[in-house]
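Peer 1:
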Amino acid sequence: MRQTAKSVAALALLTALVAGCGPAPIPSGISDPHEDGNRRRHSFNVGVDKVLYRPASEVYGTIVPPPIRDGVANVSSNLGLPSEAINGALQGRPQTFAQNGLRFVVNSTIGVLGLLDPATSMGLPRIETDFGETLHVWGMREGNYVELPFLGPSTNRDVAGMVVDVVSNPLGLFAESPVPEIATVSRVGRLLGTRYAYSDFVDSILYDSADSYAQARLLYLQSRRAKLRGDQSSEADAYDPYDDLYGTSSQTSGTNDIYSDTYDPYAALGR
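This is the structure in structure tokens:
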């Protein structure tokens, strides 16, 4: 109990300290000093998608009925809410903290452990965020563009955020088996289902573009920056296959989470 009180006090102090710091400026250009290496990793990732991820998504989408895919996607979305609630608190955004926390409670109980999504119909849509966005709010700059093996497009800041999100996820730290295993399986299922649903669009980028690396880089940076600006325009809401690095998106998740979430073709393989 004493340790919990100390943690709450530390969180409150940290939030108070960063509340006075402005967010980092959002660049308009592209910093890609390691483009040669990034292109090699991109080619590797496209090969992984071709021989593993795309075929697996076709099998998953063909065999698993849409209602079950929706349920799996909802479970994955629900299990990510505690981490998103904490990031909302760290960003000094009480609505994000409260709404995601309450949504988790509602969908974990009335929604049968997250299989259903009654919270959205109750006016509690998911507010997606991550520690990469938290670092942006705290003033950390974007850094260079990077392409990670298996994981796809990112930036220096988002790589750091991804690591923190993985090691600090409350479910991973405190939940007992089989919750962590369910989180992993449901996330893979959600991403396979989304890859299947947007197959034509993703294929057009990875296999039909004159320069799939440049196209993927542009889509990722535009979408991520629009999300950080809070841009609610149609351009920001447009589907981006590289926006969901580890659960982030400019959209909110509803019942059909598998179709509304943005998609990262490499996230299911390692992220």
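Here the sequence shown stands for residues -21 to -1, 1 to 250, numbered as in mature numbering (1 follows the signal peptide of the UniProt record, and there is no 0). Glycine included, every Cβ here is placed at the ideal spot set by N, Cα and C.
1. Measure how close the beta-carbons of Gly118 and Pro2 come, nearest whole angstrom, since I'm counting them as under 8 Å.
2. Would you say Met141 and Gly111 are within 8 Å of each other, going by their C-beta atoms?
3. Anyone know if the C-beta pair for Arg105 and Asn79 falls short of 8 Å?
4. Taking the beta strand (DSSP E) that Gly131 falls in, what are its first and last residues?
5. Using only the alpha-carbon positions, how far apart do Pro149 and Asp49 sit?
6. Looking only at DSSP bridge pairs, what is Tyr175 linked to?
7. Is it true that the CB of Thr75 sits closer than 8 Å to the CB of Thr108?
8. Over what stretch of residues does the alpha helix (DSSP H) that includes Glu14 continue unbroken?
9. Alpha carbon to alpha carbon, what distance is there between Ser183 and Ser55?
10. Three-state secondary structure (DSSP) at Val125?
11. Would you call the stretch 116 to 132 and the stretch 35 to 47 in contact, with 3 or more CB pairs under 8 Å?
12. Given this structure, state the Cα-to-Cα distance separating Val58 from Thr163, to the nearest angstrom.
13. In three-state DSSP terms, what is Ala189?
14. Give a yes or no on whether the C-beta atoms belonging to Leu171 and Ala35 are separated by under 8 Å.
15. If you reduce the DSSP assignment to three classes, tell me which class Asp137 lands in.
16. Return the CA-CA distance between Leu69 and Val145, expressed in angstroms with no decimal places.
17. Please identify the residue among Gly90, Tyr175, Ala189 whose C-alpha is closest to the C-alpha of Asp28.
Peer 2: Working from what's here:
1. 6 Å
2. yes
3. In this structure, Arg105 sits near Asn79, with a CB-CB distance shorter than 8 Å.
4. 131 to 134
5. 24 Å
6. Paired residues: none, contrary to the question.
7. Yes; because the gap between Cβ atoms is below 8 Å, this pair is in contact.
8. 14 to 27
9. Rounded to the nearest angstrom, the two C-alpha atoms are 27 Å apart.
10. strand
11. no
12. The sequence shown places Leu at residue 58, not Val. The alpha-carbon atoms of Leu58 and Thr163 are separated by roughly 10 Å.
13. Here Ala189 carries a coil assignment [DSSP, helix/strand/coil].
14. yes
15. DSSP, read as helix, strand or coil, puts Asp137 in helix.
16. 16 Å
17. Tyr175
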